[in-house]
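Some notes on the structure that comes next.
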Ligand code: FAD
């Protein structure tokens, strides 16, 4: 049986429906490596194969468990409880994904731990692991810690740039999971929806181009798509654009939508209301194009163009295409 370091950080890695590790894995293991020794837990059918991918992202030890695929969440929580009993970690990191959040809450309730939600960074002080949060629409950064036990920390996707060194020969260990028998939702039938878009998924995307009410109509929103495709970016939108029916709700970035932390965020015709900023202010580089020079988005933009998107963006696309051709 693998030995676990005293500073172990247990990291639950999401497995996406295609059977691969979620993109969040790299940032989670990178964050764990900044404060301790990452121990990955993979709950999935093909966990042994995925363990190799986890090692390449810095997991020296990988625990694997095969769940009952027809039961939601509870088998993952059972596996996490068994893993935590084995590893005795200083903290448990999960992705701030829909599943990660549910597992974090259930796990913390069962183990009587405290949860730090939607952190954008982790550190360690004399008393243990500390989480950094970006709050009030990104206006303040605050630190949070729990006062007893190992904190359960959900990490915002894309927020952590640190990467752990690859491990060539990881210790991969099947985990003995004690089934809790807790009530759980089960899946009766699955309809696979074929994803036709070649664009990256909004959550966890490295680049995002978002459009707001300034685009004016669903037809004109195609400008956002054109720039996104030129940059290889995911598409986002403000709530006003979603409410106007330009794009579906799943594109909404902000307080009541998706939180993103890409390397590049381009805001087109978005004023920069605090509720929108809440979901994108931790982007590494923010570019705003807006015809109103006083729009609040310029307060947080690294680069801004005061101008009409329908004039500026086609020129930008042409310049990007020309640069690609060189
Ligand atoms: P507007 O504020 O109308 O701004 C449009 C901008 O486009 C303007 O700045 C204008 O100058 C510019 N513009 C117009 N035409 C052009 C052009 N041709 N070229 C260039 N610029 C142009 N909002 C979110 O985005 N996400 C959320 O999650 C969210 N949650 C909310 C939760 C609550 C409880 C509440 C109360 C609100 C929430 N909102 C959210 C709404 C938020 O307050 C704003 O209303 C919304 O973000 C505005 O969207 P917008 O910037 O596209 O539109």
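Numbering (the working numbering), first residue to last: 527 to 852.
For glycine and all other residues, C-beta sits at the position ideal for the given N, C-alpha and C.
None of these values were measured; they are calculated from a predicted model.
{"query": "Selection from 636, 691, 621 and 661 that minimises the alpha carbon distance to residue 562", "result": "691"}
{"query": "Residue 763 (DSSP reduced to helix, strand or coil)", "result": "strand"}
{"query": "Inter-residue spacing [alpha-carbon to alpha-carbon] between residue 828 and residue 814", "result": "8 Å"}
{"query": "Contact test: residue 752 Cβ vs the ligand FAD heavy atom, cutoff 7 Å", "result": "no"}
{"query": "For review: beta carbons within less than 5 Å of any heavy atom in the ligand FAD", "result": "738, 739, 740, 764, 765, 766, 780, 781, 782, 783, 795, 796, 797, 799, 801, 802, 816, 817, 818, 821, 834 and 835"}
{"query": "Touching by the beta-carbon criterion (3+ pairs, under 8 Å), the region 620 to 638 and the region 533 to 550", "result": "yes"}
{"query": "Among 776, 531, 712 and 849, the one whose alpha carbon lies nearest that of residue 612", "result": "531"}
{"query": "Simplified DSSP state of residue 535, which is helix, strand or coil", "result": "strand"}
{"query": "Residue 557, enclosing alpha helix (DSSP H) - first and last residue", "result": "550 to 561"}
{"query": "Residue nearest to residue 570 in terms of C-alpha spacing, selected from 556, 588 and 759", "result": "588"}
{"query": "Cutoff 7 Å; reference residue 604; Cβ partners in own chain excluding five residues on either side", "result": "703, 704, 705 and 706"}
{"query": "From 671, 711 and 787, residue whose alpha carbon lies closest to that of residue 727", "result": "787"}
{"query": "Straight-line Cα distance separating residue 608 from residue 822", "result": "48 Å"}
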